[in-house]
């Protein structure tokens, strides 16, 4: 049932996604002119906030970053490194460069979050919401900390909704009795595919037209 | 001890109050021009945030909305429905129309939150604070997410303080040995009565006069 | 091993620090023109928010302010008293007057937070982060509630970083097998010393220079 190399692949994707999330925190913190402490904290909140909130809601311990505290060191070094390196070169990663790792993180975290909640015996809808929380709320907390309306709720681009679809794919795969690794792959692929299509074709979410 | 029909009455009030809270989330999200995902999330945060924060603080699981996930579906449908319907008709529920269900929710959630904490053996003051958190922090989280100072802390109208009074009524009723249903009724009625009086006579909370 | 008088000294420092944190909440709430409910809530969030978030992350119950609910009464009276008294006299405590109790709170809470996490068997880095959360996140939550970017992340002054250093001192003292009371004293002294030096000599954290 174990697909050879998948565990390694998951770790690689997880590390890349965590780095992408942390980097998005660094960029937002930089735009808001936070100090070095703020840059590091916002990077950490963005990278680990979604999974932490999920674990608080599910009452799971230890947190991912407590069990794997080397990731905390990694995010710390990444934030400091990015700060020094970008300052020196007036360089910023383009949205294009961030798209792939961010989409992979969205998909992977939505899938693993949903699967963890299903293992915990939660109803399907709640499990999918936990997947979305895992994937999206790091960025939401990032925006709240820097005093902005969360982009996930206001930029009219499909983001959380791709994670939502991927979560349901994980639920369906589980119901079909597929191996967990297969389900993980399928759910991640669906989220990533939807997200890339949404960006490629500039899909928009319906807006609310207020009269005032 | 069981008052016939009270359980049903409580479910009706609970559903009406949850809907009122969700609707206030929809309206705030609309004013901030969030997208459809934002409208749904803010509706859910407003409806379930207070009870969820209370349960995290009390370390209670499962959350209300996990045990009764049909409420999540209801809030989702309400948010989408309100969005479509109000968009089409340029219609918004007036503050007046929201007053009653919102006041009922404030009272009911303050009473049930306090009673849950008392059952958990917490001191009276803490139990009352848990009641206030249940009743008020959905709206507080709503305002934080949409990047505003919480209205409950800044609009100078008695709101949290009505829930505070209702929570103490639940404590007194418990100390007098009244049936839980009676206590619930009394505490809810006190909160609702105070809130309606406060709005009717335009009571104001003392303001801080700063010199600068 | 017990140093006579230390337990009493810790309680005195703890009360002074809690009062200083609460007072900083009162001042920020006043500047934002919150109402009386807002002033009291923000004072409480600032005083107890850091320890509460740490306990949620560590899954510890009861919270400090639940076990010692007299502190809640104290913060309530302090907030109301400060409001009345300052209003009457157009008086505000200077930053200078707040410096010492605030620095003591920073040091004490960083040390006790780190020690609690070490007792719970967490890795050193995580324990130090828990100390920082305890010491700093009351102020962070305060700023988020009143809709400002947290000062701890944006004012370019060493604050969290002093708590970070103090937390590591607690870790080292533990590793050296020192008595817990000695470790507490050393860690608190280091944080306080660094903070006072930082303010005295106007040390600055590196800023991010963005090009746009």
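Chains as they are written, first to last, in our numbering: chain H, 130 to 341; chain E, 130 to 341; chain V, 130 to 341.
Ideal Cβ positions, reconstructed from N, Cα and C, are used throughout, including at glycine.
The structure displayed is predicted, hence computed values, not measured ones.
Query	Result
Specify whether the region 202–210 of chain H and the region 223–243 of chain H touch according to this definition: at least 3 beta carbon pairs, one from each stretch, less than 8 Å apart.	no
Check for me: the alpha helix (DSSP H) holding residue 265 of chain V runs from which residue to which?	253–274
According to the neighbour-count rule (16 or more other Cβ atoms, all chains shown, within 10 Å of its Cβ), is residue 255 of chain E buried or exposed?	buried
When the Cα of residue 140 of chain V is compared with those of V:262, V:291, V:233, V:318, which residue comes out closest?	V:233
Classify residue 175 of chain V as buried or exposed, calling it buried when 16 or more other Cβ atoms lie within 10 Å of its own Cβ.	buried
Residues of the region 254–283 of chain V with a CB closer than 9 Å to any CB of chain E: list them in chain order, please.	273, 274, 275, 276
Identify each residue in the region 155–181 of chain E for which the Cβ-Cβ distance to at least one residue of chain H is less than 8 Å, and report them in chain order.	158, 159, 160, 161, 162, 163, 164, 165, 166, 167, 168, 170, 171, 181
Tell me the DSSP secondary structure of residue 341 of chain V in three-state form.	Note that residue 341 of chain V scores 46 on pLDDT, short of 50, meaning its location in the model is unreliable and no value can be drawn from it.
The alpha helix (DSSP H) spanning residue 307 of chain H covers which residue range?	Element bounds for residue 307 of chain H: n/a, residue is neither H nor E.
Quick one: does residue 185 of chain E have its CB under 9 Å from some CB of chain V?	yes
Count the other CB atoms, across all protein chains shown, that sit within 10 Å of the CB of residue 144 of chain E; report buried if there are 16 or more and exposed otherwise.	exposed
Taking 7 Å as the limit between beta carbons, can you name the residues of its chain near residue 328 of chain E, skipping five residues before and five after?	228
Closest to residue 221 of chain V by CA distance: which of V:165, V:160, V:294, V:313 is it?	V:160
Answer with buried or exposed for residue 194 of chain H, where buried requires no fewer than 16 other C-beta atoms within 10 angstroms of its C-beta.	buried
Pick helix, strand or coil for residue 284 of chain E, following the three-state DSSP scheme.	coil
Please work out which residues of its chain come closer than 8 Å, Cβ to Cβ, to residue 212 of chain H, disregarding the five sequence neighbours upstream and downstream, and give them in chain order.	155, 159, 165, 168
Thinking C-beta only, is residue 152 of chain E closer than 9 Å to residue 172 of chain E?	yes
Mind listing the chain V neighbours of residue 345 of chain E? Cutoff is C-beta to C-beta under 8 Å, in chain order.	The structure shown does not extend to residue 345 of chain E, since chain E is modelled only from 130 to 341, so the question has no answer here.
Which residues mark the beginning and the end of the alpha helix (DSSP H) in which residue 181 of chain V is found?	165–187
Could you check whether the region 274–283 of chain V touches the region 298–308 of chain V, counting it as contact only if at least three pairs of C-beta atoms, one from each stretch, sit closer than 8 Å?	no
Determine the chain H residues that contact residue 195 of chain E at a beta-carbon separation under 8 Å, and present them in chain order.	251, 252, 255
Would you mind sorting residue 288 of chain V into buried or exposed? The rule is 16 or more other CB atoms within 10 Å of its CB.	buried
Rounded C-beta distance between residue 242 of chain H and residue 262 of chain H? I'm assuming under 8 Å.	7 Å
Helix, strand or coil for residue 136 of chain V per DSSP?	helix
With distance defined between alpha-carbon atoms, name the residue in V:224, V:264, V:253, V:216 nearest to residue 239 of chain V.	V:264
Quick one: using the 10 Å Cβ neighbour count with 16 as the cut-off for buried, is residue 267 of chain E buried or exposed?	buried
Could you work out which residues of chain H lie near residue 198 of chain E, taking near to mean beta carbons separated by less than 8 Å?	252, 254, 255
For residue 154 of chain V, which of helix, strand or coil comes out of DSSP?	helix
Taking Cβ positions only, does residue 245 of chain H come closer than 9 Å to chain E?	no
Alpha carbon to alpha carbon, how far is residue 236 of chain E from residue 323 of chain H?	44 Å
In chain order, what are the residue ranges of uninterrupted alpha helix (DSSP H) at least 4 long that sit wholly in the region 189–244 of chain H?	193–196, 199–218
Spatial neighbours of residue 246 of chain V within its chain, please: C-beta separation below 6 Å, excluding the five flanking residues on both sides.	256, 259
Please report the straight-line C-alpha distance between residue 298 of chain V and residue 326 of chain E, rounded to a whole angstrom.	56 Å
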